[in-house]
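There are 2 protein chains.
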Amino acid sequence: MQISSRFTIAIHIFTCVEVFKENYSVTSDFLSGSINVNPVVIRRILQQLTSAGLIEVKRGKGGGITVKKPLDKISFYDIYKAVECVDNGELFHFHDNPNPECPVGRNIHAVLDGELSDIQTAMEISMRKKTIADVIKSAKKRIEEEKQK
Amino acid sequence: MQISSRFTIAIHIFTCVEVFKENYSVTSDFLSGSINVNPVVIRRILQQLTSAGLIEVKRGKGGGITVKKPLDKISFYDIYKAVECVDNGELFHFHDNPNPECPVGRNIHAVLDGELSDIQTAMEISMRKKTIADVIKSAKKRIEEEKQK
DNA sequence: TAAAGTGTAATGTCAATGGTTACAAAACAT
DNA sequence: ATGTTTTGTAACCATTGACATTACACTTTA
Numbered sequence: 008m009q010i011s012s013r014f015t016i017a018i019h020i021f022t023c024v025e026v027f028k029e030n031y032s033v034t035s036d037f038l039s040g041s042i043n044v045n046p047v048v049i050r051r052i053l054q055q056l057t058s059a060g061l062i063e064v065k066r067g068k069g070g071g072i073t074v075k076k077p078l079d080k081i082s083f084y085d086i087y088k089a090v091e092c093v094d095n096g097e098l099f100h101f102h103d104n105p106n107p108e109c110p111v112g113r114n115i116h117a118v119l120d121g122e123l124s125d126i127q128t129a130m131e132i133s134m135r136k137k138t139i140a141d142v143i144k145s146a147k148k149r150i151e152e153e154k155q156k
Numbered sequence: 008m009q010i011s012s013r014f015t016i017a018i019h020i021f022t023c024v025e026v027f028k029e030n031y032s033v034t035s036d037f038l039s040g041s042i043n044v045n046p047v048v049i050r051r052i053l054q055q056l057t058s059a060g061l062i063e064v065k066r067g068k069g070g071g072i073t074v075k076k077p078l079d080k081i082s083f084y085d086i087y088k089a090v091e092c093v094d095n096g097e098l099f100h101f102h103d104n105p106n107p108e109c110p111v112g113r114n115i116h117a118v119l120d121g122e123l124s125d126i127q128t129a130m131e132i133s134m135r136k137k138t139i140a141d142v143i144k145s146a147k148k149r150i151e152e153e154k155q156k
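Chains A and B are the protein sequences, given in the same order. So the first sequence is numbered by the working numbering: it starts at 8 and just counts up by one. So the second sequence is numbered by the working numbering: it starts at 8 and just counts up by one.
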C-alpha cells in the first residue's frame, strides 16, 4: 500500500502557511482552494498536526494556523508520524497467527523482525533528514523564478 | 498504511519450501497449515511470485513449488515488487489535483517529487540488501538450536 | 450580536485486503 | 483409462481505510 495523501497534503499546508501568511488569512477554506480537497479533510489533518504539537489552530475571525516549531526542526518524519495512523508504528503487517507447532511458524517472527525493522529504520532515517525548511526554500525559489519570466 | 501481510507470507513460503522440501510435499495446503491463512490466499501469492519469475508451481500429485533463482539472488525487494501492487511503484500517494492557479499548488509536485523518491530509494536499497538466503540461514540456525534443548 | 472559522458527527463511495466455497483443469500413479 | 492430488480461478462476502460531503454547534473577534 501507499502512504496516504495526507502526508503530501500536510507538507502542502505548511508551505502555503509560510508563503501566504503575510498576505492572506490561511484558513482551511483557503487551503482547500490550493490543495483541491474538501476543507473538512484539511481540518482533520490540521488536528493531527495539532495533536503532534507541530501547529496551533485558532477559531473565529482572523483565526488560522500558527507553526509551533522552527521550520528546520520539523522533519518529514515528524509529519509522517503525525499524519499516518500506522498500527504500532510498524511499516510491515506481519501475518497474525503462524502455527506454533511448525518449526518455521514459531520462529519466523524472531527471524524476520530485525530485518524488517532495519528496512523501516532506513526509511525513517531518510525522512528525518528532510525538513519543511528545505521544501519552503525550494518552493520560494521556484516561485521567484516564475516571476522573472 | 502498512505493507500487506502478503510480503511476510511470501517470505514464510520460501522458508518453508527450503526447510521442508526434503521431507514433505510443500503444497498450498501444507503451507496453509504453517502460515495459518486460507490456501487460496497462498495460491494467489504463489501466482504473483510465479509472474515475477521467482518460482514455478506444478499441479497434481507430487506437484508443488520450485524456486527458480539462487536463494541469495532473491532479495526482499524482489518479493516486495512481486507481491505489493503499488500504483506505479510509488510509495507515496500524492494528492491528485493541486490548483495550478496557486503558486504553491502548481509547484508542489516539482518541489516534492525528488525528496519523496529519495526516501523511497533509501527503503528500496535497504530491501535489496536482504535476501532469502539470509532468512533461511537464520531460520535453520534457530531450528537447530531448538533441537539441542 | 453578526460574521468568520474551526471541531466534529454522520453518511456515502471506493478500493484493497483477506476469508471462503466451489469447481474446472492438469498431472500423476495405478 | 480412472481416480487422486493439487493448482487456477471465479464468485462471493466482510472489514477497513481513505476521502468527499453536508450539517451544525462552538469560538473568537470585530
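The beta-carbon is built from N, C-alpha and C at its ideal position, and this holds for glycine as well. Here the structure is a predicted model, which is why all the values come from computation and not from measurement.
Looking at the backbone, the Cα of residue 24 of chain B and that of residue 73 of chain B are separated by about 8 angstroms. Within the segment 10-28 of chain A, the residues whose Cβ lies closer than 7 angstroms to any Cβ of chain B are, in chain order, 10, 11, 12, 14, 15, 16, 18, 19, 22, 23, 26. If you look at residue 71 of chain A, you'll find it in the beta strand (DSSP E) that goes 71-74. Checking the DSSP bridge columns, you'll see residue 63 of chain B partnered with B/73. Within the segment 81-111 of chain B, 83, 91, 93, 94, 97, 98, 99, 100, 101, 102, 103, 104, 105, 106, 109, 110, 111 place their CB atoms closer than 8 angstroms to a CB of chain A, listed in sequence order. Non-local C-beta neighbours of residue 89 of chain A in its own chain, meaning closer than 8 angstroms and more than five positions away in sequence, comprise 17, 55, 56, 58, 59, 61, ordered along the chain.
At a C-beta separation below 8 angstroms, residue 119 of chain A has these neighbours in chain B: 15, 18, 142. The C-alpha of residue 20 of chain B is placed about 7 angstroms away from the C-alpha of residue 38 of chain B.
In its chain, beyond the 5 residues on either side, 46, 49, 50 have a beta carbon closer than 6 angstroms to the beta carbon of residue 35 of chain B. For residue 40 of chain B, the residues of chain A that pass the 8 angstroms Cβ criterion are 106, 109, in the order they occur in the chain.
DSSP places residue 35 of chain B inside the alpha helix (DSSP H), whose first and last residues are 35-42.
Interface criterion not met: the Cβ of residue 135 of chain B is under 8 angstroms from no Cβ in chain A. Taking 8 angstroms as the upper bound for CB-CB distance, residue 110 of chain B and residue 153 of chain A are in contact here, some 7 angstroms apart.
Beyond the five residues adjoining it in sequence on each side, residue 123 of chain A comes within less than 7 angstroms, by CB distance, of 99 in the same chain, given in chain order. Non-local beta-carbon contacts of residue 8 of chain A in its own chain, meaning distances under 8 angstroms to residues more than five positions away in sequence, are absent. Residue 139 of chain B has a beta carbon lying at 8 angstroms or more from every beta carbon in chain A. For residue 119 of chain B, same chain residues with a beta-carbon under 8 angstroms away, outside a window of 5 residues either side, are 101 in chain order.
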